[in-house]
Amino acid sequence: MRDLSAGPRVLLKRLRELMAEPLEPQERLDQIVRQIASNMVAEVCSVYVLRADGVLELYATEGLNKDAVHLAQLKMGQGLVGTIAASAQPLNLSDAQAHPAFRYLPETGEEIYHSFLGVPILRAGRSLGVLVVQNKAQRNYREDELEALETTAMVLAEMIATGELKKITRPGLELDLTRAVTIDGDSYNEGIGLGYVVLHEPRIVVTNLLNEDTETELRRLADALGSLRISIDDMLSRREVSMEGEHREVLETYRMFAHDQGWVRRMEEAIHNGLTAEAAVEKVQSDTKARMIRLTDPYLRERMHDFDDLANRLLRQLTGFSPHSQTEGFPADAIVFARAMGAAELLDYPRANLRGLVLEEGAVTSHVVIVARAMGIAVVGQAAGAVALAENGDPVIIDGDDGKVHVRPMADLQKAYEEKVKLRAKRQEQFRALRDVEPITKDGKRITLQMNAGLLVDLPQLSESGADGIGLFRTELQFMISSTMPKGEEQENFYRSVLRQAGGRPVTFRTLDIGGDKVVSYFRGHEEENPALGWRAIRLSLDRPGLLRTQLRALLKAAAGAELKMMLPMVTEVAEIRAVRELLQKEVQHLSKFGHPLPKKLQFGAMLEVPALMWQLDELMQEVDFVSVGSNDLFQFTMAVDRGNARVSDRFDVLGRPFLRILRDIVRAADRHETPVTLCGEMASKPLSAMALLGIGFRSISMSPTSIGPVKAMLLGLDVDQLGRELHAALDDHHSHLPLRDILVGFAEDNNIPL
């Protein structure tokens, strides 16, 4: 074969012309394979396209039997073509028929050809098909020929991705890019959403593939890399970032990739072969992703994500993409897909259009999930690979009940979910009908049902849900969605707005709970090996008394003439409560001295989240006006289970005997001292676990607003005393192995209690 130093550039120029001509798809494909064969002096050039049923179909050929087009096919993994598609790796063979994967297709007439070069047609690391050249003579194709064929495959990937080949796809068949995909994840918030995919950080669609001037494109790449490296160095130099170990590790990895000469060299080679700078980045990104996507080592897979993120940053530098442009043309029914995101980023989207959130990472207690719950949208987390498998605008169903995401769903599945949505709407209507019904059990016990909140967007749901009040107002969310520390006046105005919108219903404010997983960008943290057990919540506040006193003063001023209920998070020793009470008293004296009106009533409480308080229960109950049990953290610390770790978070049951016995001890201590006790956490949000809480003695629980209807429907049919007798007997029985969850489900079934 002749020297190909100018070959790829000549070929790409001709392909660019072909893409611009007004040709029918089949004619365009036929001319493309003819041009490739001519340019590479190959006797055969063929294009196989992957269908949704996992079959690779011959769509065009130069050199093989033309009658085989749309008839010759191989399954994924079958033959040389199927092997390339399955592995997303090229094959370069001097004697194709000697390869163990070779499969003879008599209809093609390819038996006379020996040398074989096949490359996957890739997009975002996914195989969409295979491009092949063949010759009769036995030879190995050179590296520059392989590079030329891979570059050409990008043009074909765009043809497939734009849907141009749909016109020549046989009726009843679909291409792989359009096939239905179901992704299994974890349910982070109940609900069903039908809508269209919005990628939080959308892949940049590179439409300008072929360059006019190699030197210009090389300069553009060098400039973008320089800007990228400077931005990473700048992030690393910031003191608050450099102190955060995990963040620093990610940024250090970014810096390593950004300076990796092998990565840069591969992109420069692609530009020399005729691609634009952005097309070169996309090609190398896709090739690398295809190689790494099948790795099983979790550390290496994470590095792949880091590389992917970096390549996307570089593409944004080159194309001038602005993240703000993604809200333009925002669909009416949007389901946002993201690897991970912050609470503030979610609030940037038009709330009225949001139907769901799909996260590849995150935990059920992460703040973006808390905000999504407040917005009343379905959330699925730990949805591995969701971002790569979806395209902007794809139809999608998010099932927050079962933790499933259906991308490009089949018509029958779509119809089934539409019926399910109608049924849910009917049930919600029934729950709304209970809004003004008193939450009194069948045997006459009045239960206080409160809701959890943290943002002003939550407040309308207070009336809509029929809640008695707000049992937990997370004040840290105001800090987490702000770019700078909220000033005292801003905090005061915010708390006053909350109380005003609550319309006289009680609001229990939890003082600032930052640190650990609750990172505030402008607050300098310290690197900790186990941040959940470290410098956070009340510990941080007592070490930064100015921060705490500013918040206490804002709360006191906001509640002037009204009732103020406030509680402290993550108390470990009763002495911490006394220390905060002293600071609170100083603030009361300060405001009185300067004539500021004060709350007409002040209730001061603590959250019971740390197991150490179990051995200070009597002191605790005497020290405070009320206690609130934070079941999420208490369960985590008691069972030594990281709530954010999917491998262990479901290992132990909140309805198991050990944890319910702990909760019962808390209720009994509260009863002894006549101290009001509430439980706020995930347990209160499910009818079955809420039923268990009532059975062991809780008479006040706080939950997400959407849970109040189902929980109220449950308690209206519940005989609490009867359940209590059965539950206490089961908790006291040290020989029974019957799970308490089964006992509770059985009780509900026997007494027709809706769950």
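Adding 1 to a residue's 1-based position in the sequence shown gives its number in this note's numbering.
Beta carbons are placed, not taken as given, at the ideal position from N, Cα and C, and that holds for glycine.
With a threshold of 16 other CB atoms inside 10 Å of the CB of residue i, please say whether the residue is buried or exposed.
{"i": "H201", "result": "buried"}
{"i": "G759", "result": "Coverage of the chain is limited to positions 2 through 756, which leaves residue 759 absent and any answer about it impossible."}
{"i": "D54", "result": "exposed"}
{"i": "Q262", "result": "exposed"}
{"i": "S701", "result": "buried"}
{"i": "Q737", "result": "The sequence given here places Ser at residue 737; Gln does not occur at that position. Answer is exposed; the Cβ neighbour count stays below 16."}
{"i": "Q74", "result": "buried"}
{"i": "S708", "result": "buried"}
{"i": "I113", "result": "exposed"}
{"i": "N136", "result": "buried"}
{"i": "E247", "result": "Any answer about E247 is weak, because its pLDDT of 42 lies below 50 and its placement is not dependable; what the coordinates show is given next. Classification for E247: exposed."}
{"i": "H325", "result": "A caution first: H325 carries a pLDDT of 48, below 50, which makes its placement in the model unreliable, though a value can still be read off. It counts as exposed."}
{"i": "L486", "result": "The sequence shown places Met at residue 486, rather than the Leu named in the question. It is exposed - the Cβ of M486 has fewer than 16 other Cβ atoms within 10 Å."}
{"i": "P107", "result": "exposed"}
{"i": "Y49", "result": "buried"}
{"i": "Y189", "result": "buried"}
Using only alpha-carbon positions, find the residue among the options that is nearest to residue i.
{"i": "K794", "options": "M715, I193, L719, V156", "result": "Outside the displayed span of the chain (2 to 756) sits residue 794, for which this structure offers no information."}
{"i": "D349", "options": "V337, L360, V359", "result": "V337"}
{"i": "T320", "options": "N209, I697, K427", "result": "N209"}
{"i": "L463", "options": "A691, V572, R433", "result": "R433"}
{"i": "I697", "options": "I667, L174, E683", "result": "I667"}
{"i": "M684", "options": "R673, E675, F699, T676", "result": "F699"}
{"i": "A69", "options": "M77, K76, Y60", "result": "Y60"}
{"i": "V458", "options": "D654, R374, S287", "result": "R374"}
{"i": "R230", "options": "V133, E159, G725, A312", "result": "A312"}
{"i": "A280", "options": "T183, L435, G363, E159", "result": "E159"}
{"i": "I371", "options": "L534, T215, E191", "result": "E191"}
{"i": "G558", "options": "G489, K284, L51", "result": "A quick correction: the sequence has Lys, not Gly, at residue 558. K558 has its Cα closest to that of G489, out of G489, K284, L51."}
{"i": "L769", "options": "I515, E269, V380, R256", "result": "Here the chain has residues from 2 to 756 only, and residue 769 is not among them."}
{"i": "V131", "options": "T217, G357, S703, V120", "result": "V120"}
{"i": "E58", "options": "V133, H674, A43", "result": "V133"}
{"i": "S542", "options": "A533, L513, D619", "result": "L513"}
{"i": "M757", "options": "S287, Q90, S39, G227", "result": "Within the shown structure, residues of the chain are numbered from 2 to 756, placing residue 757 beyond reach of any answer."}
{"i": "L553", "options": "F636, L592, I184, N752", "result": "L592"}
{"i": "Q27", "options": "N494, L123, T170, I378", "result": "T170"}
{"i": "V406", "options": "K566, L664, Q383", "result": "Q383"}
{"i": "P706", "options": "D743, A670, I378, E111", "result": "I378"}
{"i": "K446", "options": "M692, A563, R317", "result": "M692"}
{"i": "G597", "options": "E283, T573, E577, L556", "result": "With the sequence shown as reference, residue 597 is identified as His, and Gly is not the correct amino acid for it. Here the closest residue by C-alpha is L556."}
{"i": "L460", "options": "M376, P396, R425, I515", "result": "M376"}
{"i": "A225", "options": "G186, R317, E216", "result": "R317"}
{"i": "V628", "options": "G173, R52, M615, T639", "result": "M615"}
{"i": "H115", "options": "N40, I122, N93, L129", "result": "N93"}
{"i": "A271", "options": "I161, E151, T289, R220", "result": "E151"}
Below 8 angstroms on the Cβ atoms is my guess for residue i versus residue j; work out the distance and round it to an integer in Å.
{"i": "F605", "j": "R582", "result": "7 angstroms"}
{"i": "L756", "j": "A749", "result": "5 angstroms"}
{"i": "A468", "j": "M452", "result": "4 angstroms"}
{"i": "V575", "j": "E610", "result": "Actually they are not in contact, since the Cβ atoms of V575 and E610 sit about 14 angstroms apart, beyond 8 angstroms."}
{"i": "G394", "j": "V198", "result": "6 angstroms"}
{"i": "I399", "j": "V369", "result": "Their Cβ separation, rounded to whole angstroms, is 15 angstroms, which puts I399 and V369 out of contact at 8 angstroms."}
{"i": "V721", "j": "L695", "result": "5 angstroms"}
{"i": "T607", "j": "L569", "result": "For clarity, residue 607 is Ala in the given sequence; the question names Thr instead. That belief holds up - the Cβ atoms of A607 and L569 are roughly 5 angstroms apart, short of 8 angstroms."}
{"i": "G363", "j": "A341", "result": "6 angstroms"}
{"i": "M571", "j": "A538", "result": "4 angstroms"}
{"i": "R124", "j": "S95", "result": "So it is not a contact: roughly 29 angstroms between Cβ atoms."}
{"i": "A385", "j": "E361", "result": "6 angstroms"}
Step through the CB atoms of chain B and report whether any lies within less than 8 angstroms of the CB of residue i.
{"i": "M571", "result": "Among the protein chains of the structure shown there is no chain B, as only one such chain exists."}
To test your reading of the DSSP string, which unbroken beta strand (DSSP E) runs of 3 or more residues are found completely within the stretch 93 to 136? Correct list: 116 to 124, 127 to 136.
Runs of beta strand (DSSP E) wholly within the stretch 431 to 505 (minimum 3 residues, chain order): Correct list: 449 to 454, 471 to 475.
Using 8 angstroms as the Cβ pair cut-off and three pairs as the minimum, do the stretch 704 to 720 and the stretch 429 to 443 touch? Touching, per the Cβ criterion.
Every unbroken beta strand (DSSP E) inside the stretch 257 to 296 [3 residues or more]: Those beta strand (DSSP E) runs which fall completely within the stretch 257 to 296 and span 3+ residues do not exist here.
Assess contact between the stretch 143 to 150 and the stretch 161 to 178, defined as three or more Cβ pairs (one per stretch) separated by less than 8 angstroms. Is contact present? The stretch 143 to 150, when compared against the stretch 161 to 178, does not touch it at the 8 angstroms Cβ threshold.
Taking only runs that begin and end inside the stretch 381 to 428, name each unbroken alpha helix (DSSP H) of 4 or more residues, in chain order. Look at the stretch 381 to 428 and you find these whole runs of alpha helix (DSSP H), each 4 residues long or longer: 387 to 390.
I'd like to know if the stretch 93 to 103 and the stretch 20 to 35 are in contact, where contact means that at least 3 CB-CB pairs between them fall below 8 angstroms. Under the three-pair Cβ rule at 8 angstroms, the stretch 93 to 103 does not count as touching the stretch 20 to 35.
Do the stretch 650 to 663 and the stretch 595 to 605 touch if we need at least three Cβ pairs shorter than 8 angstroms? As far as the Cβ criterion goes, the stretch 650 to 663 does not touch the stretch 595 to 605, which means the pair count is below three.
Entirely within the stretch 649 to 683 and at least 3 residues each: give me those beta strand (DSSP E) ranges in chain order. If we require 3 residues or more, the beta strand (DSSP E) runs fully inside the stretch 649 to 683 come out as 678 to 681.
For the stretch 495 to 511 against the stretch 405 to 416, are there 3 or more C-beta pairs whose distance is under 8 angstroms? Under the 8 angstroms Cβ criterion, the stretch 495 to 511 does not count as touching the stretch 405 to 416, having fewer than three qualifying pairs.
Could you tell me whether the stretch 616 to 623 touches the stretch 665 to 682, using the rule of 3 or more Cβ pairs below 8 angstroms? The stretch 616 to 623, when compared against the stretch 665 to 682, does touch it at the 8 angstroms Cβ threshold.
Which runs of the alpha helix (DSSP H) spanning at least 4 residues fall entirely within the stretch 587 to 638, listed in chain order? Counting only runs of 4+ residues, the alpha helix (DSSP H) found wholly inside the stretch 587 to 638 occupies 618 to 624, in chain order.
Minimum length 4: unbroken alpha helix (DSSP H) runs contained in the stretch 66 to 92: Here the runs fully enclosed are 80 to 88.
My parser needs the alpha helix (DSSP H) runs of 4 or more residues fully inside the stretch 135 to 180; what are they? As for any alpha helix (DSSP H) of minimum length 4 sitting wholly inside the stretch 135 to 180, the runs are 144 to 162, ordered along the chain.
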